[in-house]
């Protein structure tokens, strides 16, 4: 008997399985390197202009511009208290607190009550499927599998890169009666510098998430909108980790516990 | 006779679409049959094959052609996928229940494939995990003893000796069952 009789049990894989797997691996969005993809998206600003049609985004951009270019804002002393990859966590006042301070000091532009209100067409939030998001982003998109029953997915969109933030970010939001849950996946250009998240006095803790070291931030101070020049204080719990070349943020404004957030985060799969 | 793998010198991430297709068409059936021989279940073999290639594609930037042949790199991933599968809590299934149905089509052909897999399982179930792994690499995946040695950490002569003895055992079992 030929010793190679064992080879006779070999069998070709099913053609439909082979083809389906090939198509999945060879999808155009995965053939481009992230660097090339970022370059492509930076050349197309169409999406950014559409997002600017939203009044809320415009307000936030103005606030960020003031904070970034205002010397007092940059002068806040800060100490780096933790780090994940290129993200540095500092104890400087949170962006919300910095904004509130400037508001109180009269350093921010206020609206003229006599002026005609500018009519800005409201755009419904984008809700892409995971496959659509992956195709637009140029990389495999993670999705949360284990979401509490009371949460409903209301948006998933892509933030393309620009000169200031050389990133591609996929962001999805689930809404519940208690508040939103936001999950973002970000990739940075190869030559992007470090970025900082000031957490003020919010306690932070190192945790294990998705098999890697992550950061848990509890009660981070946020502000969501300005009405009659007033700030509505909000707080959020955050889980941040880096894996497979991406930076992941899971933010809950409903005050989900660390254990609940870890369960949700650990269910993130591509 | 074990097949020879096309030498792969370019970084995987830079492979053109045609090169990637060649690579896939060459290696996928070998990975698939490795898992078939290893676990005796076609559906599971498909599942683990998909996992292997997805991991390989996701980590393609880590492949260094100057450090290892592409086959070695890919089968190292496959071995880890097999180990991960072993570590998962498994429901104990009798061998004859572990057979999956072939794709819908010719029922005689499906039955023949089922019988073949059953025979293969009957033979390989008598082996130790290491022996079964080596048989899966040699006769399922069609790797050379040298490639198997790199994957297993054994010397090439050790691999040859283990396979030789394993075949003797299997040959006796085969002759007993076929009169």
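Residue numbers (the working numbering), protein chains in the order written: chain Z, 9 to 278; chain F, 585 to 763.
The beta carbon of each residue, even a glycine, is placed where N, CA and C say it ideally should be.
Residue i - partner residues in DSSP beta bridges
{"i": "residue 224 of chain Z", "result": "Z/213 and Z/247"}
{"i": "residue 176 of chain Z", "result": "Z/195"}
{"i": "residue 190 of chain Z", "result": "Z/181 and Z/259"}
{"i": "residue 254 of chain Z", "result": "Z/251"}
{"i": "residue 163 of chain Z", "result": "Z/181"}
{"i": "residue 206 of chain Z", "result": "Z/98"}
{"i": "residue 276 of chain Z", "result": "Z/152"}
{"i": "residue 229 of chain Z", "result": "Z/243"}
{"i": "residue 88 of chain Z", "result": "Z/98"}
Closer than 7 angstroms at the beta carbon, the chain Z residues around residue i
{"i": "residue 664 of chain F", "result": "Within chain Z, no residue comes near residue 664 of chain F; the closest Cβ sits about 14 angstroms away, beyond 7 angstroms."}
{"i": "residue 700 of chain F", "result": "17"}
{"i": "residue 634 of chain F", "result": "29"}
{"i": "residue 604 of chain F", "result": "34"}
Under 7 angstroms from the C-beta of residue i: neighbouring residues of chain F
{"i": "residue 154 of chain Z", "result": "Ordered by position in chain F, no residue passes the 7 angstroms Cβ test against residue 154 of chain Z, which lies about 18 angstroms from the chain."}
{"i": "residue 25 of chain Z", "result": "630"}
{"i": "residue 20 of chain Z", "result": "613"}
Check whether residue i and residue j have beta carbons under 8 angstroms apart
{"i": "residue 272 of chain Z", "j": "residue 97 of chain Z", "result": "no"}
{"i": "residue 724 of chain F", "j": "residue 18 of chain Z", "result": "yes"}
{"i": "residue 632 of chain F", "j": "residue 707 of chain F", "result": "no"}
{"i": "residue 212 of chain Z", "j": "residue 92 of chain Z", "result": "no"}
{"i": "residue 108 of chain Z", "j": "residue 208 of chain Z", "result": "no"}
{"i": "residue 277 of chain Z", "j": "residue 150 of chain Z", "result": "yes"}
{"i": "residue 247 of chain Z", "j": "residue 258 of chain Z", "result": "yes"}
{"i": "residue 261 of chain Z", "j": "residue 187 of chain Z", "result": "yes"}
{"i": "residue 622 of chain F", "j": "residue 730 of chain F", "result": "no"}
{"i": "residue 95 of chain Z", "j": "residue 205 of chain Z", "result": "yes"}
{"i": "residue 29 of chain Z", "j": "residue 659 of chain F", "result": "no"}
{"i": "residue 195 of chain Z", "j": "residue 263 of chain Z", "result": "no"}
{"i": "residue 23 of chain Z", "j": "residue 613 of chain F", "result": "no"}
{"i": "residue 181 of chain Z", "j": "residue 162 of chain Z", "result": "yes"}
{"i": "residue 719 of chain F", "j": "residue 14 of chain Z", "result": "yes"}
Local conformation of residue i per DSSP, three classes
{"i": "residue 656 of chain F", "result": "helix"}
{"i": "residue 710 of chain F", "result": "coil"}
{"i": "residue 628 of chain F", "result": "helix"}
{"i": "residue 333 of chain Z", "result": "Given a span of 9 to 278 for chain Z in the structure shown, any question on residue 333 of chain Z remains unanswerable."}
{"i": "residue 151 of chain Z", "result": "strand"}
{"i": "residue 687 of chain F", "result": "At residue 687 of chain F, the pLDDT of 42 sits below 50, so the modelled position is not reliable and the matter cannot be decided from this model."}
{"i": "residue 753 of chain F", "result": "helix"}
{"i": "residue 264 of chain Z", "result": "coil"}
{"i": "residue 739 of chain F", "result": "coil"}
{"i": "residue 135 of chain Z", "result": "strand"}
{"i": "residue 727 of chain F", "result": "coil"}
{"i": "residue 646 of chain F", "result": "helix"}
{"i": "residue 34 of chain Z", "result": "coil"}
{"i": "residue 745 of chain F", "result": "helix"}
{"i": "residue 106 of chain Z", "result": "helix"}
{"i": "residue 41 of chain Z", "result": "Any reading at residue 41 of chain Z must be qualified, since the residue scores a pLDDT of 49, below 50, and its modelled position is unreliable; no value is offered."}
{"i": "residue 666 of chain F", "result": "helix"}
{"i": "residue 759 of chain F", "result": "helix"}
{"i": "residue 286 of chain Z", "result": "One cannot answer for residue 286 of chain Z here, as it falls past the ends of chain Z, which runs 9 to 278."}
{"i": "residue 218 of chain Z", "result": "coil"}
{"i": "residue 613 of chain F", "result": "helix"}
{"i": "residue 15 of chain Z", "result": "helix"}
{"i": "residue 93 of chain Z", "result": "coil"}
Chain-ordered chain F contacts of residue i [CB-CB under 8 angstroms]
{"i": "residue 151 of chain Z", "result": "Residues of chain F passing the Cβ test: none, with the nearest at roughly 15 angstroms."}
{"i": "residue 95 of chain Z", "result": "Residues of chain F passing the Cβ test: none, with the nearest at roughly 21 angstroms."}
Neighbour list for residue i in chain F, Cβ cutoff strictly below 9 angstroms
{"i": "residue 14 of chain Z", "result": "621, 704, 707, 708, 719, 722, 723, 724, 751 and 754"}
{"i": "residue 293 of chain Z", "result": "Only positions 9 to 278 of chain Z appear in this structure, which leaves residue 293 of chain Z out of reach."}
Interface residues of chain Z facing residue i [CB-CB closer than 9 angstroms]
{"i": "residue 618 of chain F", "result": "Those do not exist, as residue 618 of chain F stays about 10 angstroms from chain Z at its closest Cβ, beyond 9 angstroms."}
{"i": "residue 608 of chain F", "result": "26, 29, 30, 33 and 34"}
8 angstroms Cβ cut-off: residues of chain Z touching residue i
{"i": "residue 637 of chain F", "result": "29 and 33"}
Below-8 angstroms beta-carbon distance, residue i vs any chain B residue
{"i": "residue 22 of chain Z", "result": "As a matter of chain content, chain B is missing from the structure shown, whose protein chains are Z and F."}
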